[in-house]
Amino acid sequence: MKIQKQGCVISIGVFDGVHDGHRRVLQTLRETASDLGLLAAVVTFDPHPRSVLRPASAPAMLVSVQRRLELLQSTGCVDRTYLIPFDRSQREQAADDFVRNTLIGQLGMRALVVGANFVCGKGRVGTVEHLVRLGQSANFSVHPVDLHPAVDTKPASSTLIRRLILEGDMRRSAQLLGRHHELECETGPDGELFLPRGMCIPPAGRYSVLLRHGRNATLQASVGIANERGLHRCFASRSDFEPGLHVTVQFLDLLEMIRDEEVPA
1 MKIQKQGCVI
11 SIGVFDGVHD
21 GHRRVLQTLR
31 ETASDLGLLA
41 AVVTFDPHPR
51 SVLRPASAPA
61 MLVSVQRRLE
71 LLQSTGCVDR
81 TYLIPFDRSQ
91 REQAADDFVR
101 NTLIGQLGMR
111 ALVVGANFVC
121 GKGRVGTVEH
131 LVRLGQSANF
141 SVHPVDLHPA
151 VDTKPASSTL
161 IRRLILEGDM
171 RRSAQLLGRH
181 HELECETGPD
191 GELFLPRGMC
201 IPPAGRYSVL
211 LRHGRNATLQ
221 ASVGIANERG
231 LHRCFASRSD
241 FEPGLHVTVQ
251 FLDLLEMIRD
261 EEVPA
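Counting from 1, one number per residue, gives the positions in the sequence shown under the working numbering.
Structure (structure tokens):
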């Protein structure tokens, strides 16, 4: 990362899915940066920190890292995005060192905007309260943002959205995401859809979907998702495609589960 001479307001997080809660944080980031006459910057991580801290419980991701960066940019709230590799050295770094050396020393942070439940640093020491105290001595302000109350009166979170998707509740997950859950995939002439690894995929069953390919081309269809010994396969009815047609699908939007069933290969 290059040292920035112009100061900035920073928001930190994985931002997996860039859901409604994230967008509320990013809107506050934009407003704070405008009020202070500074750039609005996002610091995000790849891979997900939990895959390094607790590999056995690493979450399935809502979007790829490239899609995450695209969604962040599409909000119109972010001037610059910094993608930091999360590795063992990052895992061992104290919150104060990360703030002083990276956020202030390299990026020129003047203010920090985070969700009210944000924590960072080794041992999860960097709570909002801790960062407020640090800001008093390091000359930066902290702006915590309450996340939207949502399903089950819980705040919008990637964890909650993953749980809803894994339960097959595509409608409620879409309410929190602000859009339908999407999977990047390709289709073959036999109707099989090739799903990405490591992504959050709903349980076996038949789903109403929207296939998006090209800039505006869409195709509504139904697909079956099968889980065979931990490997996900997805099939569309042949009638959903012209005979012999090979369509490269950029995104598969999962609209709703039609029925819960095992789909034969």
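Backbone N, C-alpha and C define an ideal beta-carbon position, used for all residues, glycine too.
Bounds of any beta strand (DSSP E) do not take in residue 31; it lies within the alpha helix (DSSP H) bounded by 20-36.
Counting only unbroken stretches of 4 or more residues, the alpha helix (DSSP H) elements lying wholly within the region 27-107 are 49-53, 65-74 and 88-92, in sequence order.
Per DSSP, residue 110 is one residue of the beta strand (DSSP E) stretching across 109-115. Taking the CA atoms as reference points, residue 81 sits about 12 Å from residue 74. Residue pairing from DSSP places residue 257 in a beta bridge opposite 207. Under a 10 Å Cβ-count criterion, residue 125 is classified as exposed, with fewer than 16 other Cβ atoms of the shown protein chains found around its own Cβ.
Cβ-Cβ separation between residue 9 and residue 36: approximately 6 Å, consistent with a contact (criterion under 8 Å). Residue 193: member of the beta strand (DSSP E) spanning 192-194, first to last residue. Setting aside the 5 residues that flank it on each side, residue 119 is surrounded in the same chain by 126 and 127, each with a C-beta closer than 7 Å to its C-beta; the list follows chain order. Counting of Cβ neighbours within 10 angstroms places residue 182 among the buried residues, the total reaching 16 or more. The C-alpha of residue 219 is placed about 48 Å away from the C-alpha of residue 131. Contact between the region 9-23 and the region 38-57 is present, with at least three C-beta pairs closer than 8 Å. Residue 225 sits close to residue 205, with the two beta carbons spaced by under 8 Å. Cβ atoms of residue 84 and residue 138 stay farther apart than 8 Å, at about 19 Å. Take the alpha-carbon of residue 116 and the one of residue 146: they are about 5 Å apart.
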